[in-house]
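Residue numbers 0 to 376, in numbering that gives the first Met the number 0, belong to the letters of the sequence shown in order. Notes to accompany the following structure.
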Amino acid sequence: MIRHRLGLIVNPIAGMGGKLGLKGTDGQEVLRICREKGAIAEAPKKAVEALLRLAPLKSEIEIVTYPGEMGEIEAKDAGFNPTVIGKITPGETTSEDTRRAAKEIADYGVEILLFAGGDGTARDVYSAIKEKRQPVLGIPAGVKIHSGVFAINPRRAGELALLYLQGKTKDVKEAEVMDIDEEAFRKGRVSAALYGYLFIPHERTFVQSKKAGQAASDAMDLEGISYYILDHMEKHKDALYILGPGTTTRAIKEKLGEGYTLLGVDVAKGKRLVSFDADEEKLLEILSDAKEAFIVVTIIGGQGYIFGRGNQQISPKVIRKVGLDNLIVISTRNKVSALGHNPLLVDTGDEELDRALCGYIRVVTGYLEQRIMKVSA
C-alpha cells in the first residue's frame, strides 16, 4: 500500500570531472573532454546507494522521477517501480532539464525531493522551486559541494529521507545553496556566491555544513605545518608526495617552487614539484615506479572532509596504492576548533575503503603540534 511519495532527480553527468582534475563538469567543452577520456559519472551509482537505504518502506513509497538516466534507471536498479513524468533527450540532458524536472516533480506533490549532483544541480533545483516550501535533500555526487543542502554521503541521504518519511525527523531548516565560478576555479580563483536557501530535514549529524573560509590568524600555523612537511621530505628524499588542493597545502607548495596549482593535485619529490594538476590517471602512472609515496591532504573548513570533496583525483585506487599508513592530514587549529566534537569525514565512493579509513588519525596542526581526531564515514 502506497503511503509516501518521494521525488528523485539524477544529474547524469555530475562528478565526471572529479578524477580528471577538471574541478567540475559545467560547460559543453568540459563535458566533451570528460567523455573523450572515458570519465564515469558518479551520480547514478550514488543515487542507487541512497535509494537502497529506503528498503524498510519500499512497498509504501512511490518514487516520482524523470525518464531514463535522470532517475528512472536508478529507481529501478534500487528495486522500485517508479512513476515517470516529463521528457528528455537521452544522452543530451541539460540544466534546463533539471529545472523542469524539479518544478514538475514538486508540482506532482512529493513529501521530499532527493537530487543527486553537486552545487550546480542544487542551483538548478533552487531556481525551479525557490517559491515553494518543498523539502529537499542533496545526494552528494558532484566535484564541488560547497552548499549546505547535501547529506554527508549517499548512505546518509537515504537514511535521513527514510527518517523523514517515517516521521522520526519532522523539523526542516533553511540550508544554503552556494556555487562557484568553475572557469575561475580552474584558474585557481575561488569565487563563491550564495544563491538562496532550500528547506532540508533538520538532523545535524546527517547533513554537511557549508564550506568555511580561512581565518587571518592561521598564518603562523601554516608556516609551522609547511616546515614540518619539508622536514618529512628531507627524511624521505626518494619518496613521492601527492599534495592535495587548498590554501593549507599551498603553504607547502609555495616553498617547493613555482607553477603549483591552488585547486589541483600536485606531486613533489626531493623537495621539488615534478607534476602539476595531476588527474587520477597521471597519479597512478607516477606511482607505478615509486618505491615510497605519501598523500598530504587538508580538512575542508566547516565540513571536515579529508577525502571525497574537491580532491577526487586522489581516488580509492590512488589511496590504496600509497597505503593507509602513508596518509598525512594537515589543518590549522582554527579549522579543527570549528568542527567542535564532529569527526573528520570520508566519502571516497568506495564503502570498503571508507570503513578502512575510519578510526583515529593524527592531524598535523603545527611544526611540533598534532592532534588525534576521529574519522567517520
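Every residue, glycine too, gets a C-beta built ideally from N, C-alpha and C.
query, result
"Under a Cβ-count criterion, where at least 16 other Cβ atoms within 10 Å of its own Cβ denotes burial, should V29 be classed as buried or exposed?", "With a pLDDT of only 48 at V29, under 50, the local geometry of the prediction cannot be trusted, and no value is derived from it."
"Starting from the Cα of I104, find the closest Cα among G67, T82, S94 and give me that residue.", "T82"
"Is the beta carbon of L239 less than 8 Å from the beta carbon of A174?", "no"
"Could you spell out the range, first to last residue, of the alpha helix (DSSP H) harbouring Y240?", "Looking at the DSSP string, Y240 is not in any alpha helix (DSSP H); the run it does join, the beta strand (DSSP E), is 239-242."
"Give me whichever residues DSSP pairs with G309 in a beta bridge.", "Per DSSP, none; premise fails for G309."
"Considering only DSSP beta bridges, list what P134 is partnered with.", "F198"
"Look at the alpha carbon of Q133 and the alpha carbon of G269, and state the distance between them as a whole number of angstroms.", "54 Å"
"Quick one: Cα of Q312 to Cα of E291, how far?", "19 Å"
"Looking at V295 and G365, is the spacing between their C-beta atoms short of 8 Å?", "no"
"What residue range is occupied by the uninterrupted beta strand (DSSP E) comprising T64?", "60-64"
"So what's A183 in DSSP terms, helix, strand or just coil?", "Model confidence at A183 stands at a pLDDT of 49, short of 50, so the residue's coordinates are unreliable; what they give is reported in the following sentence. Note: A183 maps to helix in three-state DSSP."
"What residues in its chain sit with their C-beta under 6 Å from that of R376, if we drop five residues either side in the sequence?", "Before going on, a small fix: residue 376 reads as Ala here, not Arg. For A376, where only same-chain residues beyond five positions count, the Cβ hits under 6 Å are V345, D353, C357."
"Quick one: give me the first and last residue of the beta strand (DSSP E) that Y226 is part of.", "No beta strand (DSSP E) holds Y226; the alpha helix (DSSP H) holding it covers 218-234."
"DSSP on I8, reduced to helix/strand/coil?", "strand"
"Alpha carbon to alpha carbon, what distance is there between V135 and I305?", "26 Å"
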